[in-house]
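K.L.:
Chains as they are written, first to last, in the numbering used here: chain A, 99 to 209; chain B, 46 to 159. Just so you know, even glycine gets a beta-carbon here, dropped at the ideal spot from N, CA and C.
Here it is, written out as C-alpha cells:
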C-alpha cells in the first residue's frame with residue numbers, strides 16, 4: 099500500500115519553515131526520506147526505525163509516530179538548495195530495504 | 046571513488062528488443078537495488094539483492110530479470126521490451142549496520158521503448 103504524502107506541493111520564501119507528512123495504512127518498521135532535484139538521482143536524507151527517536155542534522159529533521167503510522171519531515175529556515183521533490187519510502191517488515199514510495203512533495207524555495 | 050555507476054545513460058529500444066542495464070558500485074556495500082521511476086511518480090522497486098548470490102522480487106518485477114554477478118555488480122535485463130517499460134531506471138547500493146545506514150544512487154538510465 100503506497101504511503102500518502104501531504105502536501106503535494108509547497109512554495110516557501112527563504113528562511114521559512116516547512117513540514118512534509120507521510121502516512122501509511124499499514125504498520126511500519128521504518129521510514130526513509132529522500133530529496134530529488136529535477137533530472138537527478140534521489141539523495142538519501144535519513145532513516146527512522148521503529149522504536150527509534152527523532153533524527154536529523156542541521157536544519158532538516160524528521161519524526162516517526164509508530165502508533166499513527168506517520169512520519170514528518172521538518173525543514174527549518176529553508177534555503178534555496180532545499181528546492182526539489184521529497185519522497186518518503188516505507189517498509190512494513192524487517193530492515194531489508196524493500197520500500198514502497200509515496201508520490202512525492204514538490205518544494206520550491208524562492209529568494 | 047565513483048560511488049554507483051550505471052550504463053548506458055540513455056537507450057532507445059523497439060518493442061520486443063532486449064537489453065541489459067549495468068550497475069556497479071565501489072563502496073563495498075552488501076545490498077543493491079533496481080528501481081524505476083515514471084514521470085511525476087515516486088520510485089518503484091523492481092528487484093533487490095541483499096548480498097552477493099541472492100536476489101528477490103520487489104514491487105514490479107514482471108518483464109525483468111536480474112543478476113548479482115559479484116559484490117560490485119548488479120545487472121537488470123529486459124528480455125522483450127514493451128512501451129510500458131519506458132522509464133528512468135536507478136540502481137542503488139546500501140549499507141546497513143545496526144543503526145547506521147547509507148544509500149547511494151547511480152545517475153540513472155533513461156529508457157524509451159517505441
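Based on the DSSP output, what are the partners of residue 110 of chain B in its beta bridges?
P.N.:
B:122
K.L.:
Which of the three DSSP states is assigned to residue 197 of chain A in this structure?
P.N.:
coil
K.L.:
Determine the closest residue to residue 82 of chain B out of B:142, B:131, B:74, B:61, with distance taken between C-alpha atoms.
P.N.:
B:131
K.L.:
Less than 8 angstroms separating the beta-carbons of residue 120 of chain B and residue 94 of chain B?
P.N.:
no
K.L.:
So which residues of chain A does residue 64 of chain B contact, with C-beta pairs closer than 9 angstroms?
P.N.:
Ordered by position in chain A, no residue passes the 9 angstroms Cβ test against residue 64 of chain B, which lies about 20 angstroms from the chain.
K.L.:
With a threshold of 8 angstroms, are at least 3 pairs of Cβ atoms found where one atom belongs to the segment 118-128 of chain A and the other to the segment 157-177 of chain A?
P.N.:
yes
K.L.:
Do residue 66 of chain B and residue 134 of chain B count as a contact pair if the criterion is CB distance below 8 angstroms?
P.N.:
yes
K.L.:
Kindly confirm or deny that the segment 176-192 of chain A and the segment 111-120 of chain B touch, where touching means at least three C-beta pairs closer than 8 angstroms.
P.N.:
no
K.L.:
With a threshold of 7 angstroms on Cβ separation, who are the neighbours of residue 177 of chain A within its own chain once the five nearest residues in sequence on each side are excluded?
P.N.:
112, 207
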